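S.K.: Below is one structure. I have some questions about it.
Protein chains: 2
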Amino acid sequence: MTLSQNLTAALRLRELILDGDLPGGTRVSEIPLSERLGVSRTPLRLALGQLQHEGLLEALPGGGFAVRLFTRDQVMDAIDLRGLLEGAAARLAAERRRGPDELEAIHGCVRQLDLLFDTGRLESENFERYVALNERFHALLIAGAGSEAITGAYERALALPFASPSAFVLLQADLPGSQRTMYVAQRQHRDLLDAITHGEGARAEALAREHARLARENLDLALESEERLARLPGAGLIDRAGSPLEDAA
Amino acid sequence: MTLSQNLTAALRLRELILDGDLPGGTRVSEIPLSERLGVSRTPLRLALGQLQHEGLLEALPGGGFAVRLFTRDQVMDAIDLRGLLEGAAARLAAERRRGPDELEAIHGCVRQLDLLFDTGRLESENFERYVALNERFHALLIAGAGSEAITGAYERALALPFASPSAFVLLQADLPGSQRTMYVAQRQHRDLLDAITHGEGARAEALAREHARLARENLDLALESEERLARLPGAGLIDRAGSPLEDAA
DNA sequence: AATAGTTACTCTGCATGCAACCCGGAGCCG
DNA sequence: CGGCTCCGGGTTGCATGCAGAGTAACTATT
């Protein structure tokens with residue numbers, strides 16, 4: 019199956035940005051980029067508009083686009099927004115739930131996560147599986163709300179890569195106390211699901227918000243060293259002025 | 019100043035949709051539309067992509083776009099999302115506030131609204147002013163949070179016209195008990211600002227959410243008769259299957 | 001030496017032409 | 001009489017050519 023030029027352009031361009039090939043602040047010129055991606059300028063322009071709406075690009079006053087730069091505080095706010103939406107989704111899931119089997123999928127997801135922890139320490143080969151299950155948990159949580167409005171806002175919030183629920187998981191491999199953090203996170207997963215199961219909306223909302231706040235902590239840890247930051251998806255979008263990295267220089 | 023073709027296309031197309039010239043479900047074809055709007059197909063395609071991201075259009079499987087249709091429940095969810103975001107903004111505004119003069123603008127806005135009510139009943143010529151002040155209040159509320167993430171999500175949520183804070187104000191002119199509803203709303207404005215001023219984040223959040231719920235009530239009132247619904251911006255986007263209107267037919 | 005003016009160039013934005021695809025209908029065969 | 005195939009109109013998606021705006025460099029003048 020041959021993908022449309024528009025889609026390939028958007029996917030490849032997003033890849034370039036997230037991989038850091040186009041660092042934050044870079045001006046994106048159409049002609050060189052169209053040659054680099056192998057697509058014409060017309061579908062590329064469509065893709066540029068898309069990524070602008072996703073928040074990865076910003077329009078320049080004289081025309082054209084540049085890769086966006088995010089300050090630490092903006093990233094924090096994006097993380098909080100994710101927590102806010104997940105909290106609302108959790109509350110709705112708790113309050114709206116119809117049948118008892120509706121939660122079967124997410125229960126299974128949490129059980130599989132538990133199994134992963136029971137096998138001992140999370141080593142590198144398990145990390146991929148953890149990331150997949152973690153993303154699945156959060157996706158099921160959002161879907162469980164049954165609110166298209168929330169789903170849409172959530173997807174848009176995740177367009178910022180470091181706001182994604184698994185953004186810092188890969189980083190945690192060599193963070194101090196990473197195992198403990200992940201135990202806490204898994205405990206929150208279980209409690210969150212428990213709250214939803216018993217229809218405790220307010221508790222579910224509070225837990226989801228608090229769960230997202232783990233990412234705030236991890237972001238500041240990531241900003242402490244260049245090598246840590248490099249593991250973050252979309253690290254090139256973060257404006258390091260005023261961060262601990264910059265202060266040490 | 020001559021606007022770009024892309025922008026004019028987007029603005030005029032949105033206007034067509036919201037005015038009901040392109041009712042929900044209509045397929046939008048590029049060529050007739052480009053002639054109707056007086057722009058070429060290239061900038062029009064850009065505008066189509068934009069409106070798709072805004073949620074007013076949906077991509078058809080075989081290519082092309084159609085005007086989206088929203089069910090009552092989807093509209094309700096969109097209203098709740100607005101309340102959620104306003105609640106978060108109110109809480110942040112209460113918790114983050116730096117100087118005391120930061121709230122001067124919104125205090126002035128509420129004072130002007132109070133004046134409007136003190137002059138007696140809100141008649142038609144005052145309604146425009148009320149709408150303007152009401153929108154200003156909500157915009158200041160969001161801006162007061164100082165979170166770009168929330169601002170972005172809010173703007174996207176407002177792309178659905180009936181989710182806007184003033185969507186039902188014009189409707190209230192001939193609703194039963196409209197004056198009382200607006201008194202309640204204004205009381206909520208004052209209480210909300212009071213909570214923010216005193217740094218009461220949780221109270222501010224709860225009030226903002228409850229304030230948005232007035233719109234839920236108004237939506238169901240609007241769905242009760244065709245003539246009421248016609249006053250709603252973007253009424254043509256609402257799927258009336260299963261609504262009281264349909265049941266009466 | 002600094003600044004203002006000018007010129008040339010690069011880039012974006014737009015229009016149009018072309019090809020591929022999809023949908024509809026008619027005709028043919030089973 | 002029904003289903004399948006083939007054909008035609010229409011529509012979308014894409015590439016390219018062109019014009020205008022913005023920019024940067026260079027020169028001339030103060």
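Those protein sequence lines, which keep their order, are chains A and B.
Per this note's numbering, the first sequence starts with residue 19, numbered consecutively.
Per this note's numbering, the second sequence starts with residue 19, numbered consecutively.
Glycine included, each C-beta is placed from N, C-alpha and C at the ideal position.
All of these numbers come straight from a predicted model, not from anything done at the bench.
1. Using a Cβ-Cβ cutoff of less than 7 Å, which residues in the same chain neighbour residue 64/B once the five nearest sequence positions on both sides are dropped?
2. Which same chain residues, not among the five before or five after residue 27/A, have their C-beta less than 7 Å away from its C-beta?
3. Evaluate residue 49/B with the Cβ neighbour count: other Cβ atoms within 10 Å of its Cβ, from every protein chain shown; 16 or more gives buried, anything less gives exposed.
4. Using the C-alpha atoms, what's the distance from residue 205/B back to residue 86/B?
5. For the segment 166 to 183 of chain B against the segment 152 to 165 of chain A, are there 3 or more C-beta pairs whose distance is under 8 Å?
6. Express the C-alpha separation of residue 212/A and residue 241/A in angstroms, rounding to a whole number.
7. Give me the subset of the segment 87 to 102 of chain A whose CB atoms are less than 8 Å from a CB atom of chain B, sorted by chain position.
8. Could you tell me the distance, in whole angstroms, from the CA atom of residue 110/A to the CA atom of residue 68/A?
9. What would DSSP say about residue 158/B, mapped onto helix, strand or coil?
10. Locate the beta strand (DSSP E) running through residue 77/B, then write down its first and last residues.
11. Spell out the partners DSSP gives residue 85/B in its beta bridges.
12. Can you name the residues of chain B whose CB is closer than 7 Å to the CB of residue 82/A?
13. Would residue 71/A and residue 71/B be called neighbours here (beta carbons separated by less than 8 Å)?
14. By the three-class DSSP mapping on this structure, what secondary structure does residue 45/B have?
15. Taking just the CA atoms, how far does residue 32/A sit from residue 47/A?
16. Report yes or no: is there a C-beta of chain B within less than 8 Å of the C-beta of residue 349/A?
17. Which of the residues in the segment 190 to 220 of chain A, read from start to end, lie with their CB under 9 Å from any CB of chain B?
18. Quick one, which of 151/A, 228/A, 222/A, 164/A has its alpha-carbon nearest residue 187/A's?
19. What whole-angstrom Cβ distance do residue 155/A and residue 229/A have, given they're in contact under 8 Å?
20. Would you please verify whether the beta carbon of residue 241/A is less than 8 Å from any beta carbon of chain B?
21. In angstroms with no decimal places, state the Cα-to-Cα distance between residue 236/B and residue 221/B.
22. Name the residues in the segment 28 to 46 of chain B whose C-beta lies less than 7 Å from a C-beta of chain A; which are they?
23. What residues from chain A crowd round residue 106/B, counting only those whose CB sits closer than 9 Å?
24. Please go through the segment 86 to 122 of chain B and give each complete alpha helix (DSSP H) segment of 4 or more residues, from N-terminal end onward.
25. Say whether chain A places a C-beta atom closer than 8 Å to the C-beta of residue 233/B.
26. Within this structure, are the beta carbons of residue 83/A and residue 257/A separated by less than 8 Å?
M.R.: So, from the listed chains and residues:
1. 24
2. 55, 57, 61, 62, 65
3. exposed
4. 35 Å
5. no
6. 34 Å
7. 92, 95, 96, 98, 99, 102
8. 30 Å
9. helix
10. 75 to 77
11. 75/B
12. The contacting residues do not exist; residue 82/A stays about 13 Å from chain B at best.
13. yes
14. strand
15. 15 Å
16. Residue 349/A cannot be examined here, being either before or after the span of chain A that is shown, 19 to 267.
17. none
18. 151/A
19. Wrong, their Cβ atoms sit about 10 Å apart, outside the cutoff.
20. no
21. 24 Å
22. none
23. 98, 99, 102
24. 90 to 114
25. no
26. no
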